[in-house]
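Counting in numbering that gives the first Met the number 0, the sequence shown runs from 0 upward without gaps.
Please read the structure below before turning to the comments.
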Amino acid sequence: MGYLRNSALLCATIFFIAASQAQNLRDTIFADADGILTAAQQKKAFVLSPDSFSKGYRLYKQAEDSLKKGRNLASIRRDLDKAVVYLEKSMDGIKIAEVTFAKTLKAREDAQKANAKKYSAELWQEAERLFIDAAMELEGGDVKDAKRGGAKAEDVYRKAELDAIKGNYLNETKETLARAEKSKVYRYAPKTLEKAKSLLAQAEQALTQNRYDIDQPRDLARQAKYEAGHAIYLSTRVIAVKDKQISVEDLILEHEQAIISIAGAADIVAELDAGFEKPANEIVDYINNLQSKTNQQTVDIEDLEKQLGMLSSERVSLKKREELQKQAERIERMFTRDEAYVLRRGNDMILRLVGINFNVGRSEIEAHNFALIAKVQKAIAVFPEAKLVVEGHTDAFGSDASNLALSQKRAESVKQYLIANMNVAASNISAVGYGESSPVANNETPEGRKKNRRIDIVIKPRP
0 MGYLRNSALL CATIFFIAAS QAQNLRDTIF ADADGILTAA QQKKAFVLSP DSFSKGYRLY
60 KQAEDSLKKG RNLASIRRDL DKAVVYLEKS MDGIKIAEVT FAKTLKARED AQKANAKKYS
120 AELWQEAERL FIDAAMELEG GDVKDAKRGG AKAEDVYRKA ELDAIKGNYL NETKETLARA
180 EKSKVYRYAP KTLEKAKSLL AQAEQALTQN RYDIDQPRDL ARQAKYEAGH AIYLSTRVIA
240 VKDKQISVED LILEHEQAII SIAGAADIVA ELDAGFEKPA NEIVDYINNL QSKTNQQTVD
300 IEDLEKQLGM LSSERVSLKK REELQKQAER IERMFTRDEA YVLRRGNDMI LRLVGINFNV
360 GRSEIEAHNF ALIAKVQKAI AVFPEAKLVV EGHTDAFGSD ASNLALSQKR AESVKQYLIA
420 NMNVAASNIS AVGYGESSPV ANNETPEGRK KNRRIDIVIK PRP
């Protein structure tokens with residue numbers, strides 16, 4: 000037994016050494032070809048320079064196969080040298096193709112992001128075929144036909160993208176609506192079902208009008224799916240009442256229990272003798288207070304992290320922090336929760352003006368905002384000669400570029416209003432737009448989007 004065990008161990012060792020030597024040989028011979036092949040694949044040579052790439056790749060695979068079969072090394076090296084020549088040629092072709100097909104490449108990238116390969120397979124394959132044909136025309140020196148073919152591919156990529164977006168975001172909603180129709184929900188929850196259909200139609204229209212603003216149609220589709228499911232649920236409860244499985248009173252008590260449970264978690268006694276409004280408002284106030292504390296805690300954590308990094312060179316005096324705390328509390332008393340949150344970040348004060356509302360797509364300050372801005376002016380006056388930064392923020396609806404531009408315009412509007420109506424030097428105030436990049440709430444809800452459409456005024460007191 001010992002002899003057999005030792006023999007097996009010896010065989011395994013010999014096999015391992017042989018495999019390692021073979022791998023080392025392969026790595027040495029294929030080093031140059033491996034490098035250029037990886038670079039070509041990363042640059043999408045199979046699409047942008049298909050003829051040269053396919054010839055080089057075929058020779059590369061032929062050399063790999065020859066090595067596995069133990070054929071002549073000189074022949075393998077010749078195949079690899081030829082492969083490298085073709086792959087290098089494909090890299091040169093890529094540079095020309097990237098310029099010639101810039102728009103087509105952008106369309107292809109957008110279609111990929113929409114997962115067109117999965118949700119619009121036929122159009123994606125057609126676009127790929129057209130693009131490869133165009134690239135081969137370019138490799139053959141026919142620039143005119145290459146550009147024409149590239150334009151055709153671009154158009155099909157765009158169609159595939161739109162088709163994929165619709166399939167991705169709308170199909171589930173349509174399936175839920177079909178289930179609702181099959182269950183004859185229209186008899187028992189017609190209003191909710193019609194709302195779902197209307198939202199779906201809006202989502203489809205939004206996608207057709209602007210395929211690049213995915214957020215809004217996706218949210219509309221999500222709402223449509225929710226309302227379709229909501230209609231199905233409502234119909235089951237109506238049928239239960241109709242068939243006398245439960246009474247109307249039982250149904251109301253069932254819903255009241257949900258309010259009671261939520262209120263209890265907030266340590267609130269839900270009094271429902273006058274309806275849902277009073278306990279609902281109490282719960283909303285409780286949540287708003289929690290959010291305010293959470294916002295401040297988030298800023299405090301950032302502040303502490305910065306201070307920890309500065310402890311060796313600088314310490315913020317306790318007296319200074321106490322003074323800032325008192326000033327923050329004084330400013331906070333100026334605003335209601337619907338108007339602004341007052342936050343501290345180190346020595347800076349942040350006025351998060353959730354109460355400033357602009358018309359859709361507009362940056363002009365409306366008269367109904369004047370009262371709130373008057374309070375802002377009083378808050379700024381607490382810190383004479385402070386530097387001010389007006390930050391504009393939007394929700395996620397709309398394209399990234401348009402939101403960024405809109406947030407900058409709104410920040411500029413507030414800046415100019417403050418300069419015109421206060422004794423603030425233009426050099427002491429700046430404006431910057433952040434678009435949709437810094438949300439403070441959920442963009443999937445109307446309430447969250449409203450909070451994200453805000454102006455933050457950062458007050459930087461004089462040291």
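From the three backbone atoms N, C-alpha and C, an ideal C-beta is built for every residue, glycine too.
Because the structure is a prediction, the values reported are computed rather than measured.
| Check | Outcome |
| --- | --- |
| Three Cβ pairs or more, each shorter than 8 angstroms: is that satisfied between the segment 220 to 229 and the segment 164 to 179? | yes |
| By how many angstroms is the C-alpha of Ala150 removed from the C-alpha of Leu199? | 32 angstroms |
| Tell me the DSSP secondary structure of Lys459 in three-state form. | strand |
| CB Ile28 to CB Leu79, shorter than 8 angstroms? | yes |
| Would you tell me roughly how many angstroms separate the C-alpha atoms of Asp455 and Gln324, rounded to the nearest one? | 19 angstroms |
| Helix, strand or coil for Tyr340, going by three-state DSSP, please let me know. | strand |
| Tell me which residues share the same chain as Ala113 and place their Cβ nearer than 7 angstroms to its Cβ, disregarding the 5 neighbours each side in the sequence. | Glu160, Ala163, Ile164 and Asn167 |
| Can the beta-carbon of Leu122 be found less than 8 angstroms from the beta-carbon of Val155? | yes |
| Considering only residues of the same chain and omitting the five flanking positions on each side of Val283, which have a CB-CB separation below 8 angstroms? | none |
| Give a yes or no on whether the C-beta atoms belonging to Phe396 and Asp214 are separated by under 8 angstroms. | yes |
| Rounded to the nearest angstrom, what separates Val237 and Val184 at their Cα positions? | 10 angstroms |
| Just verifying my parser: in three-state terms, what is the DSSP assignment at Leu271? | coil |
| Whole beta strand (DSSP E) runs in the segment 157 to 188 with 3 or more residues, listed along the chain? | none |
| Around the C-beta of Phe369, are 16 or more other C-beta atoms found within 10 angstroms, so that it is buried, or is it exposed? | exposed |
| When you compare only the Cα positions, how much space is there between Glu435 and Leu403? | 7 angstroms |
| For Ala385 versus Pro460, is the C-beta spacing smaller than 8 angstroms? | yes |
| For the candidate residues Asn422, Ile458 and Thr393, whose alpha-carbon lies nearest to that of Pro445? | Thr393 |
| Would Ser260 be called buried (16 or more neighbouring beta carbons within 10 Å of its own) or exposed? | exposed |
| Smallest Cα separation from Phe334: which of Ala44, Gln244, Ser48 and Leu350? | Leu350 |
| May I ask you to list the residues that DSSP assigns as paired with Gln386? | At residue 386 the sequence reads Lys, which differs from the Gln that was named. Its beta-bridge partners are Lys459. |
| Could you tell me which residues DSSP puts in a beta bridge with Asp347? | Arg344 |
| Three-state secondary structure (DSSP) at Gly397? | coil |
| Val389 and Lys414 - do their beta-carbons sit closer together than 8 angstroms? | yes |
| With which residues is Leu352 paired in a DSSP beta bridge? | Ile454 |
| What separation, rounded to the nearest whole angstrom, lies between the Cα atoms of Glu313 and Ser429? | Low confidence applies to Glu313: its pLDDT is 49, below 50, so where it sits in the model is not reliable enough to give any reading. |
| Might you give, ordered along the chain, the residues of its own chain that have their beta carbon closer than 6 angstroms to the beta carbon of Lys88, omitting 5 neighbours on each side? | Ser51 |
| Given this structure, state the Cα-to-Cα distance separating Asn287 from Arg452, to the nearest angstrom. | 17 angstroms |
| Just curious, the beta strand (DSSP E) that Ile428 is in, first and last residue? | Ile428 to Gly432 |
| Could you tell me if Pro462 is buried or exposed, where buried requires 16 or more neighbouring beta carbons within 10 angstroms of its beta carbon? | exposed |
| Do the segment 250 to 265 and the segment 273 to 282 meet, that is, are 3 or more Cβ pairs less than 8 angstroms apart? | yes |
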